[in-house]
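J.: So the protein sequences, as listed, match chains A, B, C and D. Heads up, the working numbering is the position in the first sequence plus 415, with the first residue counted as 1. Heads up, the working numbering is the position in the second sequence plus 415, with the first residue counted as 1. Heads up, the working numbering is the position in the third sequence plus 415, with the first residue counted as 1. Heads up, the working numbering is the position in the fourth sequence plus 415, with the first residue counted as 1.
Protein chains: 4
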Amino acid sequence: MAKVTYEKEITALLVIDPYNDFISEGGKIWDRIRAVAEANDCVSHMLQVLNAAREAKLRTFYALHHRYRPGDYESWKYIAPIQKAAWMRKTFEYGTWGGEIRPEFAPKPGEIVATEHWCSSGFANTDLDLQLKKHGVHQLIVIGLIAHTCIESTVRFAAELGYEVTVVKDATADYSDEEMHAALDVNLPNYASAIVSTDEIVAALAAA
Amino acid sequence: MAKVTYEKEITALLVIDPYNDFISEGGKIWDRIRAVAEANDCVSHMLQVLNAAREAKLRTFYALHHRYRPGDYESWKYIAPIQKAAWMRKTFEYGTWGGEIRPEFAPKPGEIVATEHWCSSGFANTDLDLQLKKHGVHQLIVIGLIAHTCIESTVRFAAELGYEVTVVKDATADYSDEEMHAALDVNLPNYASAIVSTDEIVAALAAA
Amino acid sequence: MAKVTYEKEITALLVIDPYNDFISEGGKIWDRIRAVAEANDCVSHMLQVLNAAREAKLRTFYALHHRYRPGDYESWKYIAPIQKAAWMRKTFEYGTWGGEIRPEFAPKPGEIVATEHWCSSGFANTDLDLQLKKHGVHQLIVIGLIAHTCIESTVRFAAELGYEVTVVKDATADYSDEEMHAALDVNLPNYASAIVSTDEIVAALAAA
Amino acid sequence: MAKVTYEKEITALLVIDPYNDFISEGGKIWDRIRAVAEANDCVSHMLQVLNAAREAKLRTFYALHHRYRPGDYESWKYIAPIQKAAWMRKTFEYGTWGGEIRPEFAPKPGEIVATEHWCSSGFANTDLDLQLKKHGVHQLIVIGLIAHTCIESTVRFAAELGYEVTVVKDATADYSDEEMHAALDVNLPNYASAIVSTDEIVAALAAA
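In C-alpha cells form, the structure reads like this:
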C-alpha cells in the first residue's frame with residue numbers, strides 16, 4: 416500500500432459514532448463489541464488519534480448515526496435489515512445517555528458535526544460532503560465504529576465521492592474478528608489508500 | 416431473513432458489469448474469477464435470472480463500470496486503490512472486446528443502461544437512481560460481478576438510498592471463497608432484505 | 416400545461432420553511448414579504464392546502480432551512496451570497512421564536528420533517544429524497560416560501576431527481592412581484608408539471 | 416458584489432452545452448436564441464473566455480445535456496415539461512450535427528467532459544461533482560447556454576454542493592431579455608459570488 420502524506424490544509428479527521436451505546440460500559444451494544452475493542456485497545460486509540468489531530472490543527476468532523484426517536488420507522492414501506500435492527504433495539508435513543516457522545520469525544524468549538532445518517536454511511540442523505548467541501552478537505556483519516564458497517568460504508572462512499580481515505584485499524588472495532596477481517600483485510604484495501612496503526616498515524620501527524 | 420414478495424410494477428432486475436472481461440473465456444479478469452464462478456455456475460444462473468425477469472415483464476437495468484479510455488486518470492489528484500488497479504489493467508477497455516457486454520446479456524429495447532460508474536457503486540455519480548425513479552422502481556433484484564466490490568457497494572448504496580434489495584447469491588462470483596463469504600455472509604445481510612438462490616428467485620418471479 | 420392527476424398513494428404535500436421569521440407578524444423577513452403575501456393571501460392559502468392534504472390523507476413532508484447557530488459559517492472557505500445574508504441576519508435563529516414553525520403549521524405525528532438544508536433546495540444535503548422514497552412518493556405538491564429561492568430551487572432539484580411537481584401559486588410569496596414573476600412565470604413552468612391555484616388543488620385533492 | 420480572486424490550482428472553467436443546436440447557424444434552437452446572443456456577442460465571448468482560461472492553465476470541464484436517442488423517454492412515468500420539450504424536438508440528437516459540439520469549443524486533451532445530464536443541472540445524476548473533486552476544484556467560472564435553464568440550474572446546484580461560482584454574463588444567452596433578466600439579475604446574484612463581463616474575467620485570469 417502506497418505511503419500517504421497529509422497536507423494539513425486539506426486533511427481532516429472523521430470520527431464515526433463515538434456514542435455511549437457503542438463504546439461505553441453499559442452501552443446497548445458495548446457488550447457485543449467489548450472483546451474486539453479491548454483486544455486492540457480501540458477506545459484509547461481513538462482518543463490518541465483525536466488528540467493528535469487536534470494537536471496538529473487538523474479540522475475534525477463527526478459522522479453520527481440517527482438517534483432513535485419514536486415514530487421513525489413505522490411508516491416506511493421499505494427498510495433495510497440493519498435499520499430494522501436499530502429500530503428494534505432503539506439504538507442511540509434520543510434523549511438518553513446511550514445516544515450521547517462519550518464525554519472524552521465531545522466535539523469542541525470549531526469542530527463540525529454532520530447531520531445524522533439513517534443507515535451506515537456518514538455521507539448518505541447528510542451534509543457531510545458539503546461540510547468537507549466548505550472546508551476544502553480532500554483527505555480523510557477515519558476512526559470509530561463499527562468496522563464492517565458504518566466505517567466500511569463511509570469509506571466506500573468517501574472513495575466514490577472522490578476523497579482519499581486513511582483508516583486507523585486499531586481505532587475501530589467490531590462484533591467479531593471475522594467481521595473485522597472482512598472490513599480491514601478484504602474490503603477496505605480497495606477503497607482506503609492507507610490502513611495504518613494508531614502509532615503510525617500519530618507519528619505522521621506529528622511530522623506533517 | 417424475512418421472505419420478500421415482489422410487486423411487479425415497482426420491481427426491477429439490476430444486472431451489474433456483465434462484461435466479457437469479467438465473465439467470458441479470454442476476458443482480462445476471467446481467470447481470477449473462474450474457480451468461484453464455475454463452482455456456483457454463476458454465468459448460467461445470471462442468464463436464468465435475466466430470462467425469468469424478462470418473462471415476468473420486470474424492467475431490467477444495467478449498471479456498468481467505466482470503460483477504460485486513455486487519459487482517464489492521469490490528471491486525478493486523488494485515486495482509490497481499486498481505481499488505480501483498473502487504470503493499470505485497462506479493464507473494460509473502450510472499443511475492445513473485453514469492454515463489451517457478453518452477448519447473451521445484451522440489453523434489449525426498453526431496457527435501461529445507466530451511465531458508467533467510476534468505482535464500485537452503480538449509483539455513485541450516475542443516473543441509475545434517476546432512472547429507477549422515472550420508472551417507479553423501489554425493489555431491486557441484483558445479479559452480476561464482483562461480489563465484494565461492485566455488488567456489495569451497489570447494494571450498500573441502494574439501501575442507503577431507500578431501495579429494498581434482493582441479492583441472488585449464485586448469480587455472482589468473486590476472486591476467492593473468502594471474498595464471497597465476506598460479501599454474502601458477513602456484510603450483505605445488513606443491507607439486502609433477501610439473499611436467495613437462482614431457483615428461489617426464478618420461482619418467486621414465476622409466481623409474482 | 417397538462418392537467419395532473421394525483422394518485423394518493425404516491426403523492427405528498429411538501430411544506431417549505433413555514434417559519435415565524437417568514438410568515439408571522441414580527442418575523443425578521445415578514446416585512447419584506449408582507450406586500451406580496453397579503454396580496455395573494457399566501458398564509459391562509461398555505462393553511463387551506465395543508466388542511467386539504469391532511470383531509471385527503473396525503474402524507475405531509477416539511478423542508479426546513481438551517482436554523483442559524485453561532486459558529487455555523489465562520490470556518491467556511493466558500494460561501495454563497497444567500498448564505499452570507501442568512502449569516503448576517505441570523506435568520507431562523509435556533510432557540511428563538513423566529514426559528515420556530517408558525518403554530519398552525521406544526522407537524523402532526525406521522526408527518527415527516529426532513530433534516531435542515533443549508534442553502535435553498537430542500538433536497539440538497541438532506542434526507543428529503545430518502546424519506547420520500549421510503550414512503551413511495553413520486554408526486555409532490557409544493558407550498559411555502561420564498562418563491563424564487565427555496566421554492567424554485569427545491570422544485571428544480573425535485574425535477575432533476577425524478578419527481579413530478581405541482582406548485583400552488585397563491586400559497587407562496589416573495590419580496591416583490593418581479594421575483595414572483597421570475598419564479599412562477601419564467602422558470603417554474605419548465606420544471607413543475609402544473610402550477611395551480613389553491614382552489615384548484617383543493618378541488619383536485621377532494622376528488623382524488 | 417464582493418470581488419472574487421481566483422486561485423489557479425482550485426479554479427476551473429465550466430462550459431455548458433456548446434452544441435451546434437444552440438449556438439451554430441442552422442441549429443434547432445439557434446433561431447430562438449440569436450437575438451439575445453448576437454446582441455451581447457455571446458459566442459465570441461464564450462470563445463474569449465475559453466481561450467483565456469486555457470492560456471491561464473485553468474482546467475476546463477464540459478457539462479453537456481443528454482443527446483436525444485430513440486426510446487429515451489417512452490417508458491418514463493414522470494417527466495418534467497422541459498424534458499418533454501427536449502423529447503418532442505429531439506434536441507441534440509445523437510449522431511447528428513446538432514448534437515455535436517461547435518468545433519471551436521471542442522475539448523482538448525486533458526479537458527474533462529462530464530457524463531450527460533438529463534434535465535438542466537450539469538451536476539444532477541452525472542460525474543461532474545466527482546471530477547471536480549478529483550481535480551481539487553472549488554471555484555467555477557461558468558459560461559454557456561441557456562441562462563435561465565441550464566446555467567441557472569447548474570449554478571444553483573454548484574452553490575448547494577459547496578462551490579464558489581462566477582458567471583460571465585455576456586458569455587451566455589437566452590430566448591428573450593426577460594429570461595436573461597430573471598437569471599442574471601433576479602436569481603443568480605443569490606448563488607453566484609460574482610457576475611462579471613468577459614472583459615473583467617479575461618483581465619482577472621491574465622492577472623491570476
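We put the beta carbon where it would ideally sit given N, CA and C, even for glycine.
Within its chain, find whatever has a CB closer than 8 Å to the CB of Met416 (chain D); leave out the 5 residues flanking it on each side and keep chain order.
T.: For the purposes of this step, residue 416 (chain D) is taken as the residue at position 1 of the fourth sequence. Caution is warranted here: a pLDDT of 47 is assigned to Met416 (chain D), below 50, making its placement in the model unreliable, and the coordinate value is therefore given only provisionally. For Met416 (chain D), where only same-chain residues beyond five positions count, the Cβ hits under 8 Å are Pro604, Ser608, Ala609, Ile610.
J.: Answer with yes or no whether the minimum CB distance from Val419 (chain C) to chain D is below 8 Å.
T.: Locating residue 419 (chain C) in the third sequence gives position 4, counting from the first residue. By this cut-off, Val419 (chain C) is not an interface position.
J.: According to DSSP, is Thr581 (chain C) part of a helix, a strand, or is it coil?
T.: As a position in the third sequence, residue 581 (chain C) is number 166, starting the count at 1. Reduced to three states, the DSSP call for Thr581 (chain C) is strand.
J.: For a contact meaning CB atoms closer than 8 Å, what does Gly559 (chain B) contact in chain D?
T.: Here residue 559 (chain B) refers to the residue found at position 144 when the second sequence is read from its first residue. Simply none; closest approach about 21 Å.
J.: Taking just the CA atoms, how far does Ile556 (chain A) sit from Thr511 (chain A)?
T.: Mapped onto the first sequence, residue 511 (chain A) falls at position 96. Mapped onto the first sequence, residue 556 (chain A) falls at position 141. The straight-line gap from Cα to Cα measures roughly 29 Å.
J.: Give me the subset of the stretch 565-588 of chain D whose CB atoms are less than 7 Å from a CB atom of chain A, sorted by chain position.
T.: Correct list: Leu576, Gly577.
J.: With Thr475 (chain B) and Glu526 (chain B) assumed to form a contact (beta carbons below 8 Å), what rounded beta-carbon distance in angstroms separates them?
T.: Position 60 of the second sequence, counted from the start, is the residue given in the question as residue 475 (chain B). Position 111 of the second sequence, counted from the start, is the residue given in the question as residue 526 (chain B). That pair is a contact at about 4 Å.
J.: Of all the alpha helix (DSSP H) runs that stay within the bounds of the stretch 474-515 of chain C, which reach a length of 4 or more residues?
T.: List check, alpha helix (DSSP H) in window: 496-504.
J.: Please confirm whether Trp512 (chain C) has its beta-carbon closer than 8 Å to some beta-carbon of chain A.
T.: For this step, residue 512 (chain C) is matched to residue 97 along the third sequence. Taking Cβ atoms only, chain A never reaches closer than 8 Å to Trp512 (chain C), which makes this a no.
J.: Helix or strand or just coil, what does DSSP make of Tyr606 (chain A)?
T.: Walking along the first sequence from the start, residue 606 (chain A) turns up at place 191. Helix at Tyr606 (chain A).
J.: Which residues, taken in chain order from the stretch 534-552 of chain B, show a beta carbon closer than 7 Å to some beta carbon of chain C?
T.: Per Cβ criterion, the list reads Leu545, Lys548, Lys549, Gly551.
J.: Pull up the distance between the alpha-carbon of Tyr578 (chain D) and that of Asp592 (chain B), whole angstroms please.
T.: Position 163 of the fourth sequence, counting from 1, holds the residue named residue 578 (chain D). Position 177 of the second sequence, counting from 1, holds the residue named residue 592 (chain B). Computed Cα separation, rounded: 44 Å.
J.: Would you list the residues sitting across from His532 (chain C) in a DSSP beta bridge?
T.: Position 117 of the third sequence, counted from the first residue, corresponds to residue 532 (chain C). Answer by DSSP bridge pairing, in chain order: C:His480.
J.: Using a Cβ cut-off of 7 Å, pull out every chain A residue sitting near Tyr493 (chain C), in sequence order please.
T.: Translated into positions along the third sequence, residue 493 (chain C) becomes position 78. In chain order: Lys549.
J.: Rounded to whole angstroms, what's the CA-CA distance from Tyr472 (chain C) to Ala573 (chain C)? Just pull it up for me.
T.: If you number the third sequence from 1, residue 472 (chain C) lands on position 57. If you number the third sequence from 1, residue 573 (chain C) lands on position 158. It is worth fixing the name first, because residue 472 (chain C) is Lys in this sequence and not Tyr. Approximately 22 Å, taken between the alpha carbons.
J.: Check whether the stretch 543-560 of chain A and the stretch 499-516 of chain C touch, using three or more Cβ-Cβ pairs below 8 Å as the test.
T.: No: the two stretches stay apart, fewer than three of their Cβ pairs being nearer than 8 Å.
J.: Does DSSP put Glu424 (chain C) in a helix, a strand or coil?
T.: Taking the first residue of the third sequence as 1, we reach residue 424 (chain C) at position 9. Helix.
J.: Between Asp589 (chain C) and Ile616 (chain C), how many whole angstroms is the CB-CB distance? I'm expecting something under 8 Å.
T.: Working through the third sequence from its first residue, we reach residue 589 (chain C) at position 174. Working through the third sequence from its first residue, we reach residue 616 (chain C) at position 201. In fact, because the Cβ distance is near 19 Å, the residues do not count as touching under 8 Å.
J.: Among D:Leu543, D:Val582, D:Arg504, D:Gln546, whose alpha-carbon lies nearest the alpha-carbon of Ala559 (chain D)?
T.: Residue numbering aside, residue 559 (chain D) sits at position 144 when the fourth sequence is read from its first letter. Contrary to the premise, residue 559 (chain D) reads as Gly rather than Ala in this sequence. Comparing Cα-Cα distances from Gly559 (chain D) to each of D:Leu543, D:Val582, D:Arg504, D:Gln546, the minimum goes to D:Val582.
J.: Counting only C-beta atoms, is Thr530 (chain B) closer than 8 Å to chain D at any point?
T.: Mapped onto the second sequence, residue 530 (chain B) falls at position 115. Chain D, which has a Cβ nearer than 8 Å to the Cβ of Thr530 (chain B), makes this yes.
J.: Identify the contact partners of His563 (chain D) in chain C, using a Cβ-Cβ distance below 7 Å as the criterion.
T.: Locating residue 563 (chain D) in the fourth sequence gives position 148, counting from the first residue. Within 7 Å Cβ-Cβ: Val601, Asn602.
J.: Would you call Ala452 (chain D) buried or exposed, if buried means 16 or more other Cβ atoms sit within 10 Å of its Cβ?
T.: To locate residue 452 (chain D), count along the fourth sequence from 1; it is residue 37. Under this definition Ala452 (chain D) is a buried residue.
J.: Tell me whether Asn466 (chain A) is buried or exposed, calling it buried when 16 or more other Cβ atoms sit within 10 Å of its Cβ.
T.: Position 51 of the first sequence, counted from the start, is the residue given in the question as residue 466 (chain A). Asn466 (chain A) should be labelled exposed.
J.: Roughly how many whole angstroms lie between the Cα atoms of Lys549 (chain D) and Ala622 (chain C)?
T.: By 1-based counting over the fourth sequence, the position of residue 549 (chain D) is 134. By 1-based counting over the third sequence, the position of residue 622 (chain C) is 207. Approximately 51 Å, taken between the alpha carbons.
J.: Along the alpha helix (DSSP H) that carries Leu576 (chain C), what are the first and last residues, could you check?
T.: In the third sequence, the residue the question calls residue 576 (chain C) occupies position 161. Unbroken alpha helix (DSSP H) run through Leu576 (chain C): 567-576.
J.: For chain A, check one thing: does any of its Cβ atoms lie closer than 8 Å to the Cβ of Ser608 (chain C)?
T.: Along the third sequence, one-based indexing puts residue 608 (chain C) at 193. Taking Cβ atoms only, chain A never reaches closer than 8 Å to Ser608 (chain C), which makes this a no.
J.: DSSP state of Leu560 (chain A), grouped into three classes?
T.: Working through the first sequence from its first residue, we reach residue 560 (chain A) at position 145. Of the three classes helix, strand and coil, the one that applies to Leu560 (chain A) here is coil, per DSSP.
J.: For Pro524 (chain C), go through chain A and note every residue whose CB falls closer than 7 Å to its CB, in chain order.
T.: Numbered from 1 along the third sequence, position 109 holds the residue referred to as residue 524 (chain C). Result: Gly486.
J.: Please go through the same chain and pick out, in chain order, the residues whose beta-carbon is closer than 6 Å to the beta-carbon of Arg484 (chain D), but skip the five residues on each side of it.
T.: Counting from one through the fourth sequence, the residue named residue 484 (chain D) turns up at place 69. Closer than 6 Å at Cβ, skipping near neighbours: Tyr509.
J.: Measure the alpha-carbon distance for Glu424 (chain D) versus Ala450 (chain A) and round it to whole angstroms.
T.: The sequence position of residue 424 (chain D) within the fourth sequence is 9, counting from 1. The sequence position of residue 450 (chain A) within the first sequence is 35, counting from 1. Approximately 47 Å, taken between the alpha carbons.
J.: Per DSSP, what are the beta-bridge partners of Gln554 (chain D) in this structure?
T.: Numbered from 1 along the fourth sequence, position 139 holds the residue referred to as residue 554 (chain D). According to DSSP, Gln554 (chain D) bridges with D:Thr426, D:Glu579.
J.: Are the beta-carbon atoms of Asp456 (chain D) and Asp614 (chain D) separated by less than 8 Å?
T.: Your numbering for residue 456 (chain D) matches position 41 in the fourth sequence. Your numbering for residue 614 (chain D) matches position 199 in the fourth sequence. No, the pair does not count as a contact, with Cβ atoms beyond the cut-off.
J.: Using a beta-carbon distance cut-off of less than 8 Å, what residues from the stretch 417-445 of chain C approach chain A?
T.: Here the close residues number zero.
J.: Below 8 Å on the Cβ atoms is my guess for Ala478 (chain A) versus His532 (chain A); work out the distance and round it to an integer in Å.
T.: As a working note, residue 478 (chain A) is residue 63 in the first sequence. As a working note, residue 532 (chain A) is residue 117 in the first sequence. That pair is a contact at about 7 Å.
J.: Contact criterion: CB-CB distance below 8 Å. Does Ile497 (chain C) meet it with respect to chain D?
T.: By 1-based counting over the third sequence, the position of residue 497 (chain C) is 82. So, interface residue.
J.: Do Leu545 (chain D) and Leu576 (chain A) have their CB atoms nearer than 8 Å?
T.: Sequence index remark: in the fourth sequence, residue 545 (chain D) carries index 130 (1-based). Sequence index remark: in the first sequence, residue 576 (chain A) carries index 161 (1-based). In contact: Leu545 (chain D) and Leu576 (chain A) (Cβ atoms closer than 8 Å).
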